[in-house]
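Asker: Here it is, the structure, as structure tokens.
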Amino acid sequence: MIHILIASYGHICAYPRFHFKPMHEHTATDDLAPDEIRLILGLRLLIARAANQGSLAWWDDESFTQHAGFLLERIFPTAPPLAARSLALTAASARHQAACPEKALHLYRLDADNRDRLALRFAPLLPIPVPKEPITTVNDLRQHLVALTREPMGYTVVRRNAHGLQIEIPPGPPGSSPLAHRAQTLAWAYLEGGPGEPALPYCLE
Numbered sequence: 004m005i006h007i008l009i010a011s012y013g014h015i016c017a018y019p020r021f022h023f024k025p026m027h028e029h030t031a032t033d034d035l036a037p038d039e040i041r042l043i044l045g046l047r048l049l050i051a052r053a054a055n056q057g058s059l060a061w062w063d064d065e066s067f068t069q070h071a072g073f074l075l076e077r078i079f080p081t082a083p084p085l086a087a088r089s090l091a092l093t094a095a096s097a098r099h100q101a102a103c104p105e106k107a108l109h110l111y112r113l114d115a116d117n118r119d120r121l122a123l124r125f126a127p128l129l130p131i132p133v134p135k136e137p138i139t140t141v142n143d144l145r146q147h148l149v150a151l152t153r154e155p156m157g158y159t160v161v162r163r164n165a166h167g168l169q170i171e172i173p174p175g176p177p178g179s180s181p182l183a184h185r186a187q188t189l190a191w192a193y194l195e196g197g198p199g200e201p202a203l204p205y206c207l208e
């Protein structure tokens, strides 16, 4: 386990302590197939990339910025891309936990019983592609979402409030994974936001 104090090296993200987990070969669970695991991780990393400073700036995170890359190459010289991905996911999860209602489900917490956390805990992050260039417009994000999900996902906006954007997610296609369907729909709802104006989508079971 590795702990880092970001304040000692410069500002990377707003969450100063991070725990790395050992990498293991992933085996699929009854809930998520390997391609669905890659899809969910891809969506999470895409939104985290879009939220970075220098992109749409939706929360206080610089994990994918050039400045952070310079620091991470010195702090973690063997795997700076892995460190950047891990830090970005930690920042995104913490931001949603702070902003969304306690029992809400969001892209970084897809199931009340943490089935997604169990399924993804050993999934490797390095093979998941992350856009190299900043995502500075909602249209840029839309194009990346199309590349991952192939088509827009429908949902109904229930309300907007200080906690974010509550949506209602329709049932997925027969035979599809509920977790993967939920992840795709939540990811598309981020398009309700704009530069510097996040709309953190969530739903209630």
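Throughout the sequence shown, residue numbering follows my numbering, covering 4 to 208 in sequence.
Each residue gets a CB set at the ideal place from its N, CA and C atoms; glycine is no exception.
It should be emphasised that the depicted structure is a prediction, and the values quoted were computed from it without experimental measurement.
1. Report the rounded CA-to-CA distance for L156 versus W191, giving the unit in angstroms.
2. Is I3 helix, strand or coil when you go by DSSP?
3. Bridge partners for C206 per DSSP, in chain order?
4. If L46 sits next to L151, beta carbons under 8 Å apart, how far is it from one beta carbon to the other, in whole angstroms?
5. What are the boundary residues of the alpha helix (DSSP H) that L148 is part of?
6. Do P104 and L35 come within 9 Å of each other at the CB atom, strictly closer than that value?
7. Nearest-angstrom Cα distance between A91 and V133?
8. Going by DSSP in three states, R210 sits in which element: helix, strand or coil?
9. Taking only runs of the beta strand (DSSP E) that begin and end inside the segment 50-80, which ones reach a length of at least 3 residues, in chain order?
10. What is the residue span of the beta strand (DSSP E) that L168 lies within?
11. Does DSSP put G175 in a helix, in a strand, or in coil?
12. Pull up the CB-CB distance for V160 and I170, whole angstroms please, since I reckon it's below 8 Å.
13. Considering Cα atoms alone, identify which of R88, A102, H184, I50 is closest to L194.
14. Does the count of Cβ pairs from the segment 70-88 and the segment 173-181 closer than 8 Å reach three?
15. Measure how close the beta-carbons of F97 and Y205 come, nearest whole angstrom, since I'm counting them as under 8 Å.
16. From R112 to L121, what distance separates their C-alpha atoms?
Answerer: Taking the geometry as given:
1. According to the sequence shown, residue 156 is Met rather than Leu. Distance between the alpha carbons of M156 and W191 is about 6 Å.
2. Coverage of the chain is limited to positions 4 through 208, which leaves residue 3 absent and any answer about it impossible.
3. L108
4. 6 Å
5. 141-152
6. no
7. 11 Å
8. Beyond the ends of the chain as shown, which are 4 and 208, falls residue 210; an answer cannot be given.
9. none
10. 167-171
11. coil
12. 6 Å
13. I50
14. no
15. Note that residue 97 corresponds to Ala in the displayed sequence, not to Phe. 15 Å between Cβ atoms; not a contact.
16. 11 Å
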